[in-house]
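Protein chains in written order, with my numbering: chain A, 52 to 341; chain B, 52 to 341.
See the structure below:
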């Protein structure tokens, strides 16, 4: 029989939390979905869009009776949330999340839910540069990868239910150690975001210094648009990701700096053969990424 | 009356040269279009796609009698080309180009066409990561910007004809000093390409060092895909752009390095307020770029 939760609480009904709610309801995986959030207007939109059935401001009330509680807020808030309503959880409830960083957060969450409930770390790789439930869609996770990060403490039944839930709304699920998750995502997601944010900020600096009279970005083509699309992502969320994956990310930025310095040296010295080799190396790898 | 050329020669029938040919023929701007290139298979595709009417291998023969000759080869080849067939040009012919770098190339081309013909530098901002005429389209330039780079030597009538030609095939034309062009494009195009090539190469390094057992790119989301799309661009073409815009590009890479070092420092020291400010600055600028 397909996985089913009588009552689901989603803490943070934004793009990801809201889209999960829509997916759960659309696929009949939840009897009812309650949203917990700060902004009433956003929660009303979530009801209108079919992401949640109702909402409450008091999280302790919202999680009471829920079989599944999903944390879909910036990762830095997990501790505060779990301390606030952990004791109100129904015994045996599953607590999961959708956060982009795992590592120490998983052990932290496991500690905070204690014996009362069962934590399963999850990360659907399906972000967008838009925030808020209004940008959400029940199809957001279709074809996306979802990484679950079990530990020796993870309850196998809870893990299986979370796996089936994500598969039912269209994701391809894999499992990974929380530490490995952060190295992998640091490389394929966090570093590209840092590069995109930096590129836009560098262009602002260059404009101010070099062509202050021009609306520089008016001359942008599709290349710049694509390269920097993710620089419009939520600063609050990405601040937390940078902080929580700090050690991996700093090392990866340094690997990036090394490569950039190398290419800059080739350009500065006019080494055409070296430049072409460097670009060809990138092209061959990039072409494998469809 | 609309601009019209009895005979046009396109030197290098790739993505841009081929799409220009398709646009000229579709809009009835050319009596006949002859393609000049190295690869017969590509030239046959160009005929089949309606980019050119016929092709020749000998450029001297191809440019003879042409009212307009468009250089659509990597910029490093301009000198060789103009020396090869400059003396075969019809007196008064217009020579133009589609290159992504201008600066010293414009003076070079003006010198090489001499009194015999009239050079007008042009750069339609409409690249793609795909190369070859097969990826071309007569609609490629619709809505795109095309920068013309006249100098005091430029013939006003030739400039006007080239402007009307690009407008007729859908581009929005502006003019700019060749040196300013290279600063602007260095910022909005060349630097983003360097960042994208570097990101892919850094990920290869990170994978080899940190997770050699994993197919790292299998975990990529839309963010990495977009950020690195242009890293599949032609290494040969981008080698030449890097070399010809070397001085601007190195200075811009340094501006980028400064910003990256700043953000890395904020992350390393765990300065959440500073990180968020940096990301917010990027987001606000990026959101203006539609």
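All C-beta atoms, glycine included, are put in the ideal place defined by N, C-alpha and C.
- Residue contact with chain A for residue 92 of chain B: absent (no Cβ-Cβ distance below 9 Å to any residue of chain A).
- When C-alpha distances from residue 338 of chain A are compared across B/327, B/238, B/209 and B/279, the shortest belongs to B/279.
- With respect to chain B, the C-beta atom of residue 262 of chain A has a partner C-beta closer than 9 Å.
- Within the region 241-258 of chain A, contact with chain B at the beta-carbon level (separation under 8 Å) is assigned to 242, 243, 244, 245, 246, 247, 248, 249, 250, 251, 252, 253, 254, 255, 256, 257 and 258.
- In this chain, residue 115 of chain B is not harboured by any beta strand (DSSP E), its DSSP state being neither H nor E.
- Chain B has a Cβ within less than 9 Å of the Cβ of residue 272 of chain A.
- The beta carbons of residue 126 of chain B and residue 163 of chain B sit no closer together than 9 Å.
- The region 264-273 of chain A makes no contact with the region 295-306 of chain B, as fewer than three CB pairs between them are under 8 Å.
- For residue 201 of chain B, no alpha helix (DSSP H) segment is defined, and its DSSP state is neither H nor E.
- The alpha helix (DSSP H) runs lying completely inside the region 267-319 of chain B and spanning 4 residues or more are 273-279, 286-295 and 297-319, given in chain order.
- Remark: C-beta atoms of residue 105 of chain A and residue 140 of chain A do not approach each other more closely than 9 Å.
- For residue 322 of chain A, the three-state secondary structure derived from DSSP is coil.
- If you ignore the 5 residues before and after residue 220 of chain B, its C-beta comes within less than 6 Å of the C-beta of 74, 78 and 192, all in its own chain and listed in chain order.
- Contact of residue 228 of chain A with chain B is not assigned, every C-beta pair being separated by 9 Å or more.
- Taking C-beta atoms as the reference points, residue 217 of chain B and residue 189 of chain B fail to come closer than 9 Å.
- For residue 147 of chain B, the secondary structure class from DSSP, reduced to helix, strand or coil, is strand.
- At least one CB of chain B lies nearer than 9 Å to the CB of residue 315 of chain A.
- Excluding residues up to 5 positions away in sequence, 191, 192 and 195 lie with their Cβ nearer than 6 Å to the Cβ of residue 177 of chain A in the same chain.
- Cα atoms of residue 284 of chain B and residue 327 of chain A: separation of roughly 11 Å, rounded to the nearest angstrom.
- As the crow flies, the alpha-carbon of residue 204 of chain B is around 33 Å from that of residue 286 of chain B.
- Counting along the chain, no alpha helix (DSSP H) covers residue 220 of chain A, and no H or E run does either.
- Membership of residue 192 of chain B in any alpha helix (DSSP H) is not indicated, and neither H nor E is assigned to it by DSSP.
- In this structure residue 233 of chain B is buried. Its beta-carbon is surrounded by 16 or more other beta-carbon atoms within 10 angstroms.
- Residue pairing by DSSP puts residue 225 of chain B in a beta bridge opposite B/198.
- Using a CB distance cut-off of 9 Å, residue 129 of chain B does not count as an interface residue toward chain A.
- Per DSSP, reduced to three states, the secondary structure at residue 98 of chain B is helical.
- At a cut-off of 9 Å, the C-beta of residue 267 of chain A has a neighbouring C-beta in chain B.
- Taken through DSSP and simplified to helix, strand or coil, residue 119 of chain A comes out as strand.
- In this structure, the beta-carbon distance from residue 275 of chain B to residue 275 of chain A does not fall below 9 Å.
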